[in-house]
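Protein chains in written order, with the working numbering: chain A, 1 to 317; chain B, 1001 to 1564.
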């Protein structure tokens, strides 16, 4: 197992290097100019050129990349070109925020979605199944800003139960922070519920119809025991893989939700950096999100193997 | 008028007033200025309120001087106001300020030499008075005494000189006044006077050093001498509130500056929260999480109109859009064709639909009706489809087809679509090209020569936004004159340039108005740019916010504000 983990870490490092190269290469063809972005559209070209010269953005992309990598190996993620502060000073708090939101969304969304999938599968073909499937699909199809605004209107403005933004005041305790994160977490739950529930439902139906479930029933085990001991363990395996990928999204891909709830997470920070062609910040952000994705996927794979004894690490390799 | 008042006025005219001030007084006495215009002009030339009041009394306008002041309700002391601002795109260093969120926050601790108030009057601020030389090429500003920076240091001419040198001297800056003066032209004349030598005569120069030139914040000399240190040092300025804590893109906390020169502010402090756009700010205001928002999108702000829990503000400003048409090449080269496009637009209807009434109809020139220099007799262009069609036929352009290029910003897409729809009524086929901001304002392709390739300056027809200013100088010199670096229509008319130069150098209102009338006539005839509307500054606050007066440039002035 240790060999497998080491090999996965090696592959992850190669992936991250490639990722950073791709970000630099793609950014080079993106429209926009850092100097213009900082000084505004009406600054003279002379001033813009002088600023680009000062920031070093007029050097070749290869030279900029080499500089960035050289800093990285010394533990320096670079300096934001537009803000003129170390990238980590912006990324660190944003990452912490993203983890908080991802955590709250995870603990609400995942159990609820799995429960909905299980109930739908157990009530296969009945009204409950159809309701869960249709509602889940409808919520998933709804853009985040629509469901988010709807939730804000109901719970923050009409009922006044929850705050409209996700950012608690500095120094707020954990309970208050949790309260502030509820609305965006519910919004994300609406987005993901249908998808995770459908995967769980499909796996459950397959497992319920399997030979081992039938055998267990024939052995005289109660329905509850069959589901708990035999069906769930097998049915949740695909769900784990799906949930793992969603964690990456929850940490680094929430631009719309972060903007709507005025939350300073990694998603909106990366989007802003891309818009302003702030390469050191953009690459550092993408790298951090990449590390989160790869770590979560590795954990999911290990969990998958632990839950499924049929899988041998040799075959995974 | 009593004998004492007459004596004061005569003494002022004889001993203090220069030729420009005496001209203003003559214009008032001859009935060429109404009282509001006189207040604007008088304040610009540094005339005291007392003198202006006496002069108005002399001409039968007694008591008028006080009307420039906003009626205020009694302020209740204490409390912290929660303000929503849009997150700044870049740095808050004064020389780098370029967006609303950045200048709004920097403008709370930071202040300027003069102040253009919401009525368009340039009034004393850190400078108490100013005087030009005979031809308005040298301006001397007398500084307010006893002004304290947030670090306790007293403001003197040394700080003002360093700040103005900082403003025009940093090469990597967004300074719009560099064509008018440079660092060598700024000098101290004693501890409380500063002289600025201009490269060319400017009759309205004090306006240009007000908050509309938002990079020209007055800061301690030690900070101004080292660009890039202001934010790190805690944004030390002279404003009513001083910075306590700042978290980039997230929030800021400011506390009362007890030694504020304008008197102790009623509020204890200000808590600023940054928002990624207007919509989240509207929701936060509705939910009671903030008390006051900076500029809001018109559509989104409608919910606050006629709502007793909120106060809705709609301030007329000179902010406008320029639909620039290339005059030197392509299908719009013929002025008849450009006039035809302009004649298709039903301006009142367009303004009602796009701005929901929060604006003013434009007349294809930058001369907003609020500018004292705008001649009120300029005839308004109105929709005339018959004439538009006739012009197209005469120009042989009955199958006219072109694109409007713009970027995805506020009303731009709706604006372009409205022009497209109106033009269609005259058989003109307009396509719309909407770009990302980066592409619209970058060279094309990236790295190519900027001036000759960037879409906003080189497309056949481009739609670009211009913010509010106290005077039209920047618009005229940079967008319409043949030497202008923002001249997107590539308009070159020696007659216009001549009138523009006359306007820029003129200190007398009569001469300015004559020049703007001439320029407006030429612009109606040539129509290089369609300016179909001017935009009001729209925002809202909770009804418990008292004495707040919005500003067209997005600054949030809170020195007199209180919470009920």
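Note that beta-carbon positions come from the ideal geometry of N, C-alpha and C, so glycine has one too.
Under the three-state DSSP convention, the category residue 10 (chain A) falls into:
The residue given as residue 10 (chain A) occupies position 10 in the first chain. Taken through DSSP and simplified to helix, strand or coil, residue 10 (chain A) comes out as helix.
Residue nearest to residue 129 (chain A) in terms of C-alpha spacing, selected from A:248, A:194 and A:281:
The residue labelled residue 129 (chain A) in the question sits at position 129 within the first chain. Nearest to residue 129 (chain A) by alpha-carbon distance, out of A:248, A:194 and A:281, is A:194.
Could you tell me whether the Cβ atoms of residue 1401 (chain B) and residue 1426 (chain B) are closer together than 7 Å?
Position 401 of the second chain, counted from the start, is the residue given in the question as residue 1401 (chain B). Position 426 of the second chain, counted from the start, is the residue given in the question as residue 1426 (chain B). No, they are not a contact pair.
Could you list the residues in the region 29–45 of chain A with a C-beta less than 9 Å from some C-beta on chain B, going in chain order?
Listed in sequence order: 29, 30, 31, 32, 33, 35, 36, 37, 38, 39, 40, 41, 42, 43, 44 and 45.
Let me make sure I understand the geometry here. Which of B:1159, B:1136, B:1315 and B:1138 has the alpha-carbon closest to that of residue 1147 (chain B)?
In the second chain, the residue the question calls residue 1147 (chain B) occupies position 147. Residue nearest to residue 1147 (chain B) within the set B:1159, B:1136, B:1315 and B:1138 is B:1159 (criterion: CA-CA distance).
Checking the sheet assignment: what are the DSSP bridge partners for residue 1435 (chain B)?
Taking the first residue of the second chain as 1, we reach residue 1435 (chain B) at position 435. Per DSSP, B:1407.
Within a Cβ cutoff of 8 Å, which residues of the same chain sit near residue 307 (chain A), ignoring the five residues on either side of it in sequence?
Looking up residue 307 (chain A) in the first chain gives position 307. These residues qualify, in order along the chain: 233, 236, 237 and 240.
For residue 1070 (chain B) and residue 1561 (chain B), I'd like the C-alpha separation in whole angstroms.
Mapped onto the second chain, residue 1070 (chain B) falls at position 70. Mapped onto the second chain, residue 1561 (chain B) falls at position 561. Because residue 1070 (chain B) carries a pLDDT of 45, less than 50, the predicted location of this residue cannot be relied on, and the following value inherits that uncertainty. Residue 1070 (chain B) and residue 1561 (chain B): Cα-Cα distance of roughly 12 Å.
Take residue 1249 (chain B) and list the residues in its own chain whose beta-carbon comes closer than 7 Å to its own, dropping the five residues that flank it on each side.
Here residue 1249 (chain B) is taken as the residue at index 249 of the second chain, counted from 1. Once the five neighbours on either side are set aside, the close Cβ partners of residue 1249 (chain B) are 1087 and 1274.
Which class does residue 1241 (chain B) belong to by DSSP, given the choice of helix, strand or coil?
Translated into the one-based positions of the second chain, residue 1241 (chain B) becomes position 241. Strand.
Range covered by the beta strand (DSSP E) that runs through residue 258 (chain A):
Within the first chain, numbered from 1, the residue matching residue 258 (chain A) stands at position 258. Looking at the DSSP string, residue 258 (chain A) is not in any beta strand (DSSP E); the run it does join, the alpha helix (DSSP H), is 255–260.
Neighbourhood of residue 121 (chain A) by C-beta distance below 7 Å, restricted to the same chain and skipping five residues each side
As a position in the first chain, residue 121 (chain A) is number 121, starting the count at 1. Within the same chain, 201, 204, 205 and 208 come within 7 Å of residue 121 (chain A) by CB-CB distance, once the 5 residues on both sides are set aside.
Let me see if you follow: with CB-CB separation under 7 Å, is residue 264 (chain A) close to chain B or not?
For the purposes of this step, residue 264 (chain A) is identified with residue 264 of the first chain, where counting begins at 1. Chain B contact via Cβ: present.
So, is residue 1124 (chain B) buried or exposed, given that buried needs 16 or more other C-beta atoms within 10 angstroms?
Along the second chain, read from residue 1 onward, the residue named residue 1124 (chain B) stands at position 124. Burial is judged here by how many other beta carbons sit within 10 angstroms of a residue's own beta carbon; residue 1124 (chain B) has at least 16 and is buried.
Check whether the Cβ atoms of residue 1271 (chain B) and residue 1154 (chain B) lie closer than 7 Å to each other.
The residue given as residue 1271 (chain B) occupies position 271 in the second chain. The residue given as residue 1154 (chain B) occupies position 154 in the second chain. Not in contact: residue 1271 (chain B) and residue 1154 (chain B) (Cβ atoms no closer than 7 Å).
Rounded straight-line distance, which links the Cα of residue 254 (chain A) to that of residue 267 (chain A)
Along the first chain, one-based indexing puts residue 267 (chain A) at 267. Along the first chain, one-based indexing puts residue 254 (chain A) at 254. Taking the straight line from one Cα to the other gives about 5 Å.
Inter-residue CB distance, residue 1238 (chain B) and residue 1261 (chain B) (contact presumed, cutoff 8 Å):
Here residue 1238 (chain B) refers to the residue found at position 238 when the second chain is read from its first residue. Here residue 1261 (chain B) refers to the residue found at position 261 when the second chain is read from its first residue. Contact holds; Cβ gap of about 7 Å.
Going along chain A, which residues have a C-beta under 7 Å from residue 1171 (chain B)?
Taking the second chain and counting its residues from 1, the one referred to as residue 1171 (chain B) is at position 171. Against chain A, the beta carbon of residue 1171 (chain B) has neighbours under 7 Å at 47 and 50, listed in chain order.
Write down every uninterrupted run of the beta strand (DSSP E) in the region 1433–1498 of chain B whose length is 3 residues or greater and which is fully enclosed by it, in chain order.
If you keep only unbroken beta strand (DSSP E) runs of at least 3 residues inside the region 1433–1498 of chain B, you get 1461–1466.
Could you pull out every unbroken alpha helix (DSSP H) segment of at least 4 residues lying fully inside the region 31–91 of chain A, listed in chain order?
Runs of the alpha helix (DSSP H) inside the region 31–91 of chain A: 34–39, 45–55 and 61–73.
Mind listing the chain B neighbours of residue 22 (chain A)? Cutoff is C-beta to C-beta under 7 Å, in chain order.
Within the first chain, the letter at position 22 stands for residue 22 (chain A). Ordered by position in chain B, no residue passes the 7 Å Cβ test against residue 22 (chain A), which lies about 18 Å from the chain.
Own chain residues within Cβ distance below 8 Å of residue 1330 (chain B), not counting five before or after
Start at 1 with the first residue of the second chain, and residue 1330 (chain B) comes out as number 330. For residue 1330 (chain B), where only same-chain residues beyond five positions count, the Cβ hits under 8 Å are 1402 and 1460.
Can you find a CB in chain B that lies within less than 7 Å of the CB of residue 54 (chain A)?
As a working note, residue 54 (chain A) is residue 54 in the first chain. Residue 54 (chain A) counts as touching chain B.
Within 10 angstroms of the Cβ of residue 81 (chain A), are there 16 or more other Cβ atoms? Answer buried if so, exposed if not.
The residue labelled residue 81 (chain A) in the question sits at position 81 within the first chain. Residue environment: residue 81 (chain A) is assigned as buried (16 or more neighbouring CB atoms within 10 Å of its CB, all protein chains considered).
Measure from the C-beta of residue 156 (chain A) to each C-beta in chain B and report whether the shortest distance is under 7 Å.
As a position in the first chain, residue 156 (chain A) is number 156, starting the count at 1. The Cβ of residue 156 (chain A) sits closer than 7 Å to at least one Cβ of chain B.
Touching or not, the region 1424–1443 of chain B and the region 1406–1416 of chain B, by the rule of three or more beta carbon pairs under 8 Å?
Output reads yes: the region 1406–1416 of chain B touches the region 1424–1443 of chain B.
Taking buried to mean at least 16 other C-beta atoms within 10 Å of its own C-beta, is residue 158 (chain A) buried or exposed?
Within the first chain, residue 158 (chain A) is the residue found at index 158, counting from 1. Its Cβ having fewer than 16 others within 10 Å, residue 158 (chain A) is exposed.
Does DSSP put residue 170 (chain A) in a helix, a strand or coil?
In the first chain, residue 170 (chain A) corresponds to position 170, counting from 1. In this structure, DSSP gives residue 170 (chain A) a state outside helix and strand, which the three-state scheme calls coil.
Can you give the Cα-Cα distance for residue 1450 (chain B) and residue 1444 (chain B), rounded to whole angstroms?
Numbered from 1 along the second chain, position 450 holds the residue referred to as residue 1450 (chain B). Numbered from 1 along the second chain, position 444 holds the residue referred to as residue 1444 (chain B). Cα to Cα, residue 1450 (chain B) sits roughly 8 Å from residue 1444 (chain B).
Which residues in chain A sit within 9 Å of residue 1446 (chain B), going by Cβ to Cβ distance?
Start at 1 with the first residue of the second chain, and residue 1446 (chain B) comes out as number 446. Taking a Cβ-Cβ cut-off of 9 Å, the neighbours of residue 1446 (chain B) in chain A comprise 28, 29, 30, 31, 32 and 33, given in sequence order.
Is it true that the CB of residue 1138 (chain B) sits closer than 7 Å to the CB of residue 1197 (chain B)?
By 1-based counting over the second chain, the position of residue 1197 (chain B) is 197. By 1-based counting over the second chain, the position of residue 1138 (chain B) is 138. Yes.
Along the alpha helix (DSSP H) that carries residue 1138 (chain B), what are the first and last residues, could you check?
Walking along the second chain from the start, residue 1138 (chain B) turns up at place 138. It is not in any alpha helix (DSSP H) - residue 1138 (chain B) instead sits in the beta strand (DSSP E) that spans 1138–1143.
Using a cut-off of 8 Å between C-beta atoms, extract the partners of residue 1291 (chain B) located in chain A.
Against the second chain, residue 1291 (chain B) aligns to sequence position 291. None at all; the shortest Cβ gap to chain A is about 14 Å.
Strictly by DSSP, which residues pair up with residue 1181 (chain B)?
For the purposes of this step, residue 1181 (chain B) is identified with residue 181 of the second chain, where counting begins at 1. In the DSSP assignment, residue 1181 (chain B) forms no beta bridge with any residue.
Look up residue 1269 (chain B) in the DSSP assignment and say whether it is helix, strand or coil.
Along the second chain, one-based indexing puts residue 1269 (chain B) at 269. If DSSP states are grouped into helix, strand and coil, residue 1269 (chain B) belongs with the strands.
Just the Cα atoms here: how many angstroms apart are residue 1121 (chain B) and residue 1454 (chain B)?
Locating residue 1121 (chain B) in the second chain gives position 121, where the first residue counts as 1. Locating residue 1454 (chain B) in the second chain gives position 454, where the first residue counts as 1. Here the C-alpha atom of residue 1121 (chain B) lies approximately 36 Å from the C-alpha atom of residue 1454 (chain B).
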